[in-house]
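J.: So in the UniProt record's numbering, spot 189 of the sequence shown is number 189, and the numbers just go up one at a time.
Even glycine gets a Cβ: it sits at the ideal position worked out from N, Cα and C.
Bear in mind that the values here come from a model prediction, so they are computed numbers and not experimental data.
I am attaching a structure below and will ask some questions about it afterwards.
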Amino acid sequence: MDDNSRGHARSLAKDKHTLSTFVRSQVELLKTPLHLPENWRDSVQPQAEEDGLSLSNKPHHHQHREPIPGHVLAAGLRSLNVTTRKALSLNFSNQSVRQLLDQVAANRLQVERLHRQGGIVVRTKSRQELLETPWIEAFPVQWRNAHDTSSAGSSSSSSTLAPSNAQSLSDQPDVEQTRQYQQLRARIVELQQKYHTTKEKHEYYKNLKNEIQLLDSDRLQANVVGPNTPISHELSKMKTLVPRLISILEVRKETMMAKRKRDLEALSKDLPDDESRSKRQHTGPTDPIETMLNLLQS
1 MDDNSRGHAR
11 SLAKDKHTLS
21 TFVRSQVELL
31 KTPLHLPENW
41 RDSVQPQAEE
51 DGLSLSNKPH
61 HHQHREPIPG
71 HVLAAGLRSL
81 NVTTRKALSL
91 NFSNQSVRQL
101 LDQVAANRLQ
111 VERLHRQGGI
121 VVRTKSRQEL
131 LETPWIEAFP
141 VQWRNAHDTS
151 SAGSSSSSST
161 LAPSNAQSLS
171 DQPDVEQTRQ
181 YQQLRARIVE
191 LQQKYHTTKE
201 KHEYYKNLKN
211 EIQLLDSDRL
221 QANVVGPNTP
231 ISHELSKMKT
241 LVPRLISILE
251 VRKETMMAKR
261 KRDLEALSKD
271 LPDDESRSKR
281 QHTGPTDPIE
291 TMLNLLQS
């Protein structure tokens, strides 16, 4: 191990010890028990008198309120101190403090490694952030380079230090980078719009699929009209049986009409003309077979 590595290790150990001392001192400070001040009664008495005066104008309140006894307050503070100390000992145990220090050291090493690689700490956005949040709006439409940001502050000094045409090349706007930035930004905006459109379609078809799955049950599937469903077979049978039923009902109708005609003729022979006419009107076509046949034919 060279001198630089040993010096870096000593620096890390020193920083870790300093941070550990600071954390433990803050925990001990929080563990300091609370006590009632000696003159706490003097500060309570004026407040009690003020409360008594304000309550004297209200008829439905007691005009004199007994203060809380000192031993009750002392017992409450003792219980609070014990509970606080237990909670702090549990949350800030030696293992918790050691894990905190290790995490801080790991974060520091990562930052130093990134700094050595490029001098810039890059925070990579997660996929959820890239897709959901409007992060593209944080980028300007036009590329702001060093020349744009520093021209306002350096215009007065540049006139005295150097001519205006003697600016360095680094301050000049890079046309190629500007064009590339605008193209990339427009591409990202287009991709985001397509993503949101695709996401809406996905949600629509997802909801539609869930609604269709609710209908996919044995009871409903049996009643759905399809090529090979039970109800389609029943309809095919009905197509064959309905004409046969109509023919049977027609024969039955003709038989019933002939019988009714014979009964009316026999009745007209036994009754006078007026009575037979009224009787013929009351014996109209009220046969249920005829009614059913009319419904089937319609």
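So what does DSSP say about P230, is it helix, strand or coil?
T.: Of the three classes helix, strand and coil, the one that applies to P230 here is helix, per DSSP.
J.: Could you check the C-alpha separation between K31 and P67 for me, to the nearest Å?
T.: Going from the Cα of K31 to the Cα of P67 covers about 29 angstroms.
J.: CA-CA distance, R113 and H8?
T.: 13 angstroms
J.: Can you tell me whether DSSP reads T32 as helix, strand or coil?
T.: DSSP places T32 in coil when its eight states are reduced to three.
J.: How far does the alpha helix (DSSP H) with S93 in it extend, from its first residue to its last?
T.: For S93, there is no enclosing alpha helix (DSSP H), as DSSP marks it with neither H nor E.
J.: Roughly how many angstroms lie between the CA atoms of Q26 and F92, to the nearest whole one?
T.: In this model, Q26 and F92 are separated by some 10 angstroms (Cα to Cα).
J.: Under a three-way DSSP split, which group does I68 fall into?
T.: Coil, per DSSP.
J.: Look up P243 in the DSSP assignment and say whether it is helix, strand or coil.
T.: helix
J.: What is the DSSP secondary structure of E176, counted as helix, strand or coil?
T.: helix
J.: Taking the C-alpha atoms as reference points, what is the distance between S170 and T178?
T.: Confidence at S170 is low in this model, with a pLDDT of 43, below 50, so the placement of that residue should be treated as unreliable; the coordinate-derived value is given next. Between S170 and T178, the C-alpha separation is close to 14 angstroms.
J.: Can you round the beta-carbon distance between residue 300 and A105 to whole angstroms, since I take them to be within the 8 angstroms contact cut?
T.: No statement about residue 300 is possible, as the shown extent of the chain runs from 1 to 298 and does not include it.
J.: Which same chain residues, not among the five before or five after L101, have their C-beta less than 7 angstroms away from its C-beta?
T.: K16, L19, S20
J.: Rank K253, R260, A258, L267 by C-alpha distance to the C-alpha of T291 and give the top, closest one.
T.: Here the closest residue by C-alpha is K253.
J.: Suppose the cutoff is 6 angstroms on Cβ atoms and the five residues either side in sequence are ignored; what does the same chain contact list for V23 look like?
T.: V97
J.: Work out the CA separation of N210 and L245 for me, nearest whole Å.
T.: 44 angstroms
J.: Which same chain residues, not among the five before or five after T149, have their C-beta less than 6 angstroms away from its C-beta?
T.: The predicted model places T149 with a pLDDT of 44, which falls under 50 and marks its position as unreliable, so this point remains unresolved.
J.: Out of curiosity, what's the CA-to-CA distance linking Q95 and L12?
T.: The alpha-carbon atoms of Q95 and L12 are separated by roughly 19 angstroms.
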